[in-house]
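Visitor: Residue numbers (the UniProt record's numbering): 1 to 299. By construction, the Cβ of each residue, glycine as well, lies at the ideal position given by its N, Cα and C atoms.
Below, the structure is given as structure tokens:
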């Protein structure tokens with residue numbers, strides 16, 4: 001599937017636009033002349049978004065209060081409302097999400113459920129509510145903001161967040177093949193560390209301390225705190241690239257549709273390192289991997 005050059009304004013529905021990638025993506029899309037329906041949980045966040053947009057962009061911007069954890073019924077009503085604004089939705093960007101750093105045993109399943117409620121189930125509810133409109137267009141796009149953390153899970157404290165993003169990556173890859181025959185493109189974005197209000201700015205979970213983990217917790221908490229504000233990734237540049245890919249212009253002009261968009265030197269390194277590690281294990285153990293079939297009957 002090739003990228004395409006856009007000759008008419010697209011209508012983008014973008015979740016999680018109060019900060020981070022979402023806020024910057026809204027600006028990038030509007031600067032290309034496309035239309036945006038920006039969503040966020042709070043009315044105040046949306047008012048702030050409007051206030052920072054250039055006045056000449058406001059005709060192409062609409063806002064909608066949306067909590068992605070509100071459940072299927074409420075979300076469907078909100079998406080129907082969004083689709084009625086301009087009569088269609090061309091691009092869905094699943095950006096809403098957050099990170100809960102903390103050690104796995106100390107946080108337990110309760111913390112994991114919180115992560116999945118927004119990052120996985122909320123994402124899926126928004127997607128399934130929007131897909132009828134995207135399928136109707138027969139030339140539309142779903143963008144899912146994943147994370148390089150799905151490729152770099154070997155870091156104490158990243159488990160709940162990385163688990164949710166790994167689930168997001170898996171369901172997105174399935175959506176790729178399910179929606180391709182319907183001419184709905186899917187793009188899985190895996191950003192590295194960018195200077196946004198992301199997981200590194202969140203409080204490390206310390207409410208259920210287990211003494212055996214004291215050293216690991218203290219070290220991990222300090223490591224997370226030290227990253228915030230020092231990330232090399234420029235989120236504005238990343239979102240410009242994302243718009244290029246969806247619109248088939250700029251850095252994406254003339255290139256085939258990638259399916260995957262890895263953003264950041266760190267993300268590229270992590271994907272390559274994990275791939276090399278798994279391939280090395282496969283090479284070392286290939287005789288074992290291939291030796292568990294039923295025995296071929298003797299002649």
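#1: Is residue 185 helix, strand or coil when you go by DSSP?
#2: Helix, strand or coil: how does DSSP classify residue 285 here?
#3: For the segment 130-137 against the segment 88-102, do three or more pairs of beta-carbon atoms, one drawn from each stretch, fall closer than 8 Å, so that the two count as touching?
#4: Of the choices 51, 10, 282 and 161, whose alpha-carbon is the least far from that of residue 18?
#5: Can you give, in chain order, each stretch of the beta strand (DSSP E) that sits fully within the segment 114-182 and has at least 3 residues?
#6: Which residue wins for smallest C-alpha separation from residue 192, given the options 213, 223 and 146?
#7: Closest to residue 238 by CA distance: which of 263, 255 and 180 is it?
#8: Suppose you measure from the CA of residue 113 to the CA of residue 76; what does that come to, to the nearest Å?
#9: On the DSSP letters alone, give me the boundaries of the beta strand (DSSP E) that residue 203 sits inside.
#10: Please check the pair residue 167 and residue 116, which I expect to be a contact at CB under 8 Å, by giving their CB distance rounded to whole angstroms.
#11: Buried or exposed for residue 169, going by 16 or more other Cβ atoms inside 10 Å?
#12: Please classify residue 159: is it buried, with 16 or more other beta-carbons within 10 angstroms of its beta-carbon, or exposed?
#13: Using the DSSP secondary-structure output, state which residues sit across from residue 190 in a beta bridge.
#14: If we ignore side chains and look at the alpha-carbon of each, how far apart do residue 195 and residue 268 end up?
#15: Judging by CA-CA distance, which residue of 255, 233 and 204 is the nearest neighbour of residue 223?
#16: Going by the CB atoms, is the gap between residue 46 and residue 26 shorter than 8 Å?
#17: Please go through the same chain and pick out, in chain order, the residues whose beta-carbon is closer than 7 Å to the beta-carbon of residue 183, but skip the five residues on each side of it.
#18: Please list the segments of the alpha helix (DSSP H) lying wholly inside the segment 54-116, counting only runs of 4 or more residues, in order along the chain.
#19: Is residue 296 helix, strand or coil by DSSP?
#20: To the nearest angstrom, report how far apart residue 157 and residue 84 are at their CA atoms.
Guide: Walking through what the data contain:
#1: strand
#2: If DSSP states are grouped into helix, strand and coil, residue 285 belongs with the helices.
#3: Because the criterion of three Cβ pairs below 8 Å is met, the segment 130-137 and the segment 88-102 touch.
#4: 51
#5: 140-145
#6: In terms of Cα proximity to residue 192, the closest of 213, 223 and 146 is 146.
#7: Taking only the C-alpha atoms, the option nearest residue 238 is 263.
#8: 22 Å
#9: Taken as a continuous stretch (DSSP letters only), residue 203 belongs to no beta strand (DSSP E), as it is neither H nor E.
#10: Sure, about 7 Å apart at Cβ, within 8 Å.
#11: buried
#12: buried
#13: 262
#14: 17 Å
#15: The shortest Cα separation from residue 223 among 255, 233 and 204 belongs to 204.
#16: no
#17: Answer for residue 183: 138 and 139, listed in chain order.
#18: 72-86 and 104-116
#19: coil
#20: Answer to the nearest angstrom: the Cα atoms are 42 Å apart.
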